[in-house]
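Accompanying notes for the structure given below.
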Amino acid sequence: MPTFSTRRPVPYSAAEMYRLVADVERYPEFLPMCESLAIESRSEQPGGAELIATMGVGYKAIRESFTTRVLLWPEEPAIHVTYLDGPFRRLDNRWRFHDAPGGSDVEFFIDYEFRSPFFAILMGAVFERAFRRFAESFEERAAAIYGARPCKA
Numbered sequence: 288m289p290t291f292s293t294r295r296p297v298p299y300s301a302a303e304m305y306r307l308v309a310d311v312e313r314y315p316e317f318l319p320m321c322e323s324l325a326i327e328s329r330s331e332q333p334g335g336a337e338l339i340a341t342m343g344v345g346y347k348a349i350r351e352s353f354t355t356r357v358l359l360w361p362e363e364p365a366i367h368v369t370y371l372d373g374p375f376r377r378l379d380n381r382w383r384f385h386d387a388p389g390g391s392d393v394e395f396f397i398d399y400e401f402r403s404p405f406f407a408i409l410m411g412a413v414f415e416r417a418f419r420r421f422a423e424s425f426e427e428r429a430a431a432i433y434g435a436r437p438c439k440a
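Positions 288 to 440 (the numbering used here) are the ones given, in order, by the sequence shown.
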């Protein structure tokens, strides 16, 4: 049952980072292993929105897709992703954004388990490296979108 969490200081506001992470349709442009992302439905919820999204991922000859429920709460700001269908038994992903001097702190947490033990062995290490790289990918995307800024102290 792999989990990964990190809290990273970035030189961008919590609102800027939230908008960047909430723009899920852009993930194939910069996120490791993400080959496609389709929004199946979008509905307004009290305090935010709910998306049903299907992400296609690939690594070498292996291709898979999975569907998640993405809850967007811009006022908090926070994002919570839960698993609906695909190769996982469980997937729980949370983002929180906190303003801090010189920028913000971005919290990223993911807890997942593959349904197939064979697939877990085959893809487990690759997914772990990709999840570790996600935070960096979003920081690089922020620099591309908002402009490079010096890291906060």
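Just so you know, even glycine gets a beta-carbon here, dropped at the ideal spot from N, CA and C. None of these values were measured; they are calculated from a predicted model.
query, result
"Give the secondary structure of Tyr-370 by DSSP, where H, G and I count as helix, E and B as strand, and everything else as coil.", "strand"
"Counting pairs of Cβ atoms below 8 Å between the stretch 391 to 399 and the stretch 414 to 427, do you hit three or more?", "yes"
"What does DSSP give as the partner residue(s) for Ala-325 in the beta ladder?", "Thr-341"
"With which residues is Phe-353 paired in a DSSP beta bridge?", "Met-342"
"Hey, how far is the Cα of Ala-336 from the Cα of Ser-403?", "32 Å"
"Got a sec, what are the start and stop residues for the alpha helix (DSSP H) Ala-435 sits in?", "Element bounds for Ala-435: n/a, residue is neither H nor E."
"Considering only their Cβ atoms, is the gap separating Asn-380 from Val-393 smaller than 8 Å?", "no"
"What number of angstroms, rounded off, separates the C-alpha of Arg-377 from the C-alpha of Gly-390?", "33 Å"
"Just how far apart, CA to CA, sit Pro-319 and Val-308?", "14 Å"
"On the criterion of 16 or more Cβ atoms from any shown chain inside 10 Å, does Ala-348 qualify as buried, or is it exposed?", "exposed"
"For the beta strand (DSSP E) that Tyr-399 lies in, which residues bound it at each end?", "390 to 401"
"Would you report the Cα separation of Met-342 and Phe-353, rounded to the nearest angstrom?", "6 Å"
"Suppose you measure from the CA of Thr-357 to the CA of Ala-340; what does that come to, to the nearest Å?", "Inspection of the sequence shows that residue 357 is occupied by Val rather than by Thr. So the two alpha carbons sit approximately 7 Å from each other."
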